[in-house]
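Working notes, beginning with the structure itself.
Residue numbers (the working numbering), protein chains in the order written: chain D, 2 to 339; chain F, 2 to 339; chain H, 2 to 339; chain X, 2 to 339.
Shown next as structure tokens:
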């Protein structure tokens, strides 16, 4: 490995492009040497915009490139496991967007390959790197709120994805709430034992026709006794709504949404503020930068990455439990999932 | 009826005394003519402190007094139904503290008596008169947030009641969360169809030994499709925590806790504010005054009171559903309760 | 003196009526035995509304009534000094609305009479009893913000008074900013040494034609080295704006306006809150009650009232200094005033 | 000019280094081709850290380099005017840190040179590019608060600079408050006509011994009738305090400080938040990036820069007026300055 970590970005879609921008301009100690996408034009555009020296339409070939130290997997979900396995075999360090796969068997196969190869794997649960959530996490760990009793997570998108996406997404619990399941594990420091889910189609009947729901509330029981609740909506007209509330024996920590400015406007009929930051690109820019910065640091310093393969597996399992709970209309134990 | 409504207050404990103070000093058009308590000393102290002309240790006898137009029932819960029935037979107007009774059959007997007598009955769900909750209620009714999708209620006490009280309270769902069940019906304008409850003993093992829980989260499904969540704790070290969040198709309305002042203190290590108002007497003073003001107005103007007998019955039924859900570890339909 | 302090209220206008309501219903240990107003109908209406046994159209005669222990002077400003002098001679305890008089010689005559008679005099600077200002005051006294360096006071009315009132008001500095001069002394615990005032007519040209200004900013230098600023406007469309900010060597304390509720409304274009409480009756109800409660307690317990005659005199002197500064366009030392 | 604007950065101290980082990594369309500093080691370190191809210890020689399109002047204040004049003669586009010079004659000489050469000059008043101030500016321009009546600016540093710096800084009015004078002009869209300044040594006696003050309040009268107030302190223990409040005929807009997170912590004795961002690097990062982005865009698109030479001159003139006001203890007209 040279002085800078040489990474290949696999997938030049929205999130791939986002990571390439950060890796090129905001993160020290790393250089993007190649970008690969099965849609060659997407890879070429990224390469041109960010002065990346090499382009490919074959991610697997890129993985075997001896000039690549690590891969950043941003391709479609169904390719993640195969790319992880290939990269592990090629002894590359791996950063992979969530979820590893929609099937737990595929996930396990990928994690096995990583284990056997002894490479590092970090999963892209970027919200763990957000300054609000990290602060709440640290407060809990420091004991600032005592023993955690209740954890409440709110997560609402500004608008639903296209119906075509909904159809292949795996459903709200695996596509959207998966982030919140990760956050729940991150904040409680404990594993989910049981899930109860309710859901509804309230935002758009087309989502229901596609076999999914757009509004949901989930109750979680954790091994350490914490009770958790999560609510999701595919559409909050006021923008991206991302908050947590951690209640414990010695106090509570909560977060508010981030705003584009701190201006208040007092008029003749009301006091107004601008809406919160609209969506994940605006809201989580800093957390995207931090997660890759820490990945680069962990690889360079040979440390375990902060979001492990297990951290990638568990939210998928919880998602399946939630899905089953919703479908069977009863609380479902995590132990029932596989 | 004279120019002022003449009321008898039955029960001179904490809440009775509170109401007497408001009736004597803050509410126009009403006069407390007698206070009755089986503990004569309590009634006498109230009478002396608030210059009430007459005292009794026999609430039933007071009910038959022709100089009494209405009764304010603040005695212990187990006496409510009998006093309502007696008052109805005596054609008195009735304000009764919640709950009407812990048994649904007793409640129904009381409501029947009220119906047959054609008198008015208002139940003491004072939070409906709080300026925060009322504002959210009105915003929902005005359509300011569109169709309601998710309703979240947080309700936490500053410290648990004495264990002796816990033992006879009916349990957290019927003693504490009952207020939140009422709030849920008030805000959604719809009936609960199904309840799922989880609970735990996290605050004090003695509460568990007394057969109760101190921490709970409940999921509600409403007839109009709203999903509701309620969380309760018997102990929030930062004081009384009473908030709602109403999320709908066109926006969200939420509330913050009321504070004793609007001061912020910026020091060398943090920015600080004083804690919220500590408990219900401080927090809900205005709502207590408003509920009795409206009762007096409704009686005087011959209008239906704003919190009816049915409003008193339903939260008890929901409480039983929650209790059964917790005990049987499954969602319980309201239709299962009697 | 009987078990309750017997007070006569002199003046049955808006503020007199307000005090009578509080004295009758909210303040223990006191009874209003008579209300006097040169406009007999006003006194009679108050007496009827609050069940006051006696009425008079001659305040001076009321002062000599042996059944009166204390007088609450709420009549027009030009009568305050004469009534204080008469009440002092009659050995009555005195609460007087601000200002004592518009002439410093008249004020001094009144204070002399009080001194000679050895009676108590409290001036109606009610804002000292507001929970926000009192909290900031106490924080400063406790050293929570260290040595005070800068004090900023904002005071804006929701709308200007009638022009007829403006003409006889003494002008913005003596009619409106006088409250802020009192607040400045209260919070700094120090005397003003120099004043610099700028002002303008921005709200209504009619105010300028009446010889007054409607917008002003004043800089104060205090004996203890604090620098103070005050800004006033006769018209804030968003309601009554009453805030302070105290900056010191160890921190800052500031206040926000009080709101009718703690609701926030998130819509598709903005986040909204209801306007602050509109004017002094809503905002300062509790402080009006507290100031008279403390007056009654001080008289009953023979303690010095919390707002003394000197506290009534100094803001008037500062007002004259501000007026001169504005007219002569230069900083004016307090020592120049008389 | 090539496809990217080629800039030389003159001065490799703290602010030069900051700009180089942004120009290298965050701002499109520009390339730093050379960095110059009379202290060669400083320039060399910057060049190494940011891969800048060329280094110099002679800023004047760099200015004449034909491969340089524009210069970013970040050297010590006493060199600004000479470098501007040299750059103008060499027909380079100029971005210069504030102030242009401490002498108005030097400023005028520099502005004359710029005028004659027809080059662009942008002054580094970065706060105009802050999202809070820009939002308030735009609200005022859009008429959202009606006619502006009162403008209040608060500006406090977390800790004073070293005494050696204080001695050569030009004093608080020219070194610190100059930013606020610029903000006042930016927000009011009007020129200052008169200044009244009070000041004190409250933070550190050594600042007084060095002939300066550390605490000040200034009142401004603007040509358009606005009344302005500014307060400064060299030391706010709670961090960098940067706020404005704009009050007008139709409403008010104010700003709060930016925080590192939106977390609130409710404990047994108080509610807490973390302190605001500590100093200008944290607080104004985005505004530093935007000012240079706009400079690059203006040069590239041949537009007038958003902060002109006159905008650089006027705050210095106001600073002298404030200084004279403080020294002569009287309001000083801007017309008196030169």
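The beta carbon of each residue, even a glycine, is placed where N, CA and C say it ideally should be.
Across which residues does DSSP place residue i in a beta bridge pair?
i: residue 94/H; result: 71/H
i: residue 82/F; result: Residue 82/F pairs with nothing; no bridge assigned.
i: residue 7/F; result: 32/F
i: residue 248/X; result: 151/X and 253/X
i: residue 211/F; result: DSSP lists no partner for residue 211/F.
i: residue 200/H; result: 217/H
i: residue 193/H; result: 223/H
i: residue 242/F; result: 157/F
i: residue 89/H; result: The partner list for residue 89/H (beta bridge, DSSP) is empty, contrary to what the question assumes.
i: residue 37/F; result: 11/F and 57/F
Rounded to whole angstroms, how far is the Cβ of residue i from the Cβ of residue j, which I believe are closer than 8 Å?
i: residue 159/H; j: residue 241/H; result: 5 Å
i: residue 185/X; j: residue 252/X; result: Incorrect: roughly 19 Å between the Cβ atoms, too far for contact.
i: residue 276/X; j: residue 266/D; result: About 25 Å; that fails the 8 Å criterion.
i: residue 341/F; j: residue 11/F; result: Residue 341/F lies beyond the stretch modelled for chain F, which goes from 2 to 339, so this question has no answer here.
i: residue 153/F; j: residue 195/F; result: Contact flag wrong, Cβ pair sits at about 17 Å.
i: residue 51/D; j: residue 33/D; result: 7 Å
i: residue 166/H; j: residue 272/D; result: Contact flag wrong, Cβ pair sits at about 29 Å.
i: residue 264/F; j: residue 133/H; result: 6 Å
i: residue 317/X; j: residue 179/X; result: 7 Å
Along the beta strand (DSSP E) that carries residue i, what are the first and last residues, could you check?
i: residue 56/X; result: 55-57
i: residue 335/X; result: Counting along the chain, residue 335/X falls outside any beta strand (DSSP E), and DSSP gives it neither H nor E.
i: residue 219/X; result: 216-223
i: residue 233/X; result: 228-234
Can you give me the start and stop residues for the alpha helix (DSSP H) that residue i sits inside?
i: residue 187/H; result: 179-189
i: residue 46/H; result: 41-51
i: residue 176/X; result: 173-176
i: residue 25/X; result: 15-26
i: residue 63/H; result: 60-64
Q: Output, in sequence order along the chain, the residues in the region 178-210 of chain D whose CB is closer than 7 Å to any CB in chain F.
A: The residues in question are 197, 199, 201 and 203.
**Q.** Those runs of the alpha helix (DSSP H) which lie wholly inside the region 261-319 of chain X and span at least 4 residues
**A.** Qualifying alpha helix (DSSP H) stretches, in chain order: 281-302.
**Q.** Contacting positions in the region 45-71 of chain F - beta carbon closer than 7 Å to chain H
**A.** The region 45-71 of chain F vs chain H, Cβ under 7 Å: nothing.
Q: Would you mind listing the alpha helix (DSSP H) stretches within the region 91-169 of chain H that are 4+ residues and don't spill past its ends, in chain order?
A: You should have 105-118, 132-142 and 164-169.
Q: Taking only beta carbons into account, state which residues of the region 254-267 of chain H come closer than 8 Å to chain F, listed in chain order.
A: Answer in chain order: 254, 255, 256, 257, 258, 259, 261, 262, 263, 264, 265, 266 and 267.
**Q.** chain H contacts made by the region 268-286 of chain F, where a contact means CB separation under 7 Å
**A.** Residues are counted here when their Cβ sits less than 7 Å from a Cβ of chain H; for the region 268-286 of chain F these are 268 and 269, given in chain order.
Q: Return the residues of the region 228-254 of chain D that lie within a Cβ-Cβ distance of less than 8 Å from chain X, sorted by chain order.
A: Contact annotation: in the region 228-254 of chain D, residues whose CB is within less than 8 Å of a CB in chain X are 251, 252, 253 and 254.
Q: Give the residues from the region 130-145 of chain H that approach chain F closer than 7 Å (Cβ to any Cβ), ordered along the chain.
A: Correct list: 132, 133, 136, 137, 140 and 145.
Q. Which residues, in order along the region 300-325 of chain D, keep a beta-carbon less than 7 Å from a beta-carbon of chain F?
A. When C-beta distances to chain F are compared with 7 Å, every residue of the region 300-325 of chain D stays at or above that value.
(Q) Which residues of the region 24-35 of chain D have a Cβ closer than 8 Å to any Cβ of chain X? Give them in chain order. (A) Hits within the stretch, in order: 26 and 27.
Q) According to a CB-to-CB cut-off of less than 8 Å, which residues of the region 161-179 of chain X neighbour chain H? A) Going along the region 161-179 of chain X in chain order, one finds no residue with a Cβ nearer than 8 Å to chain H.
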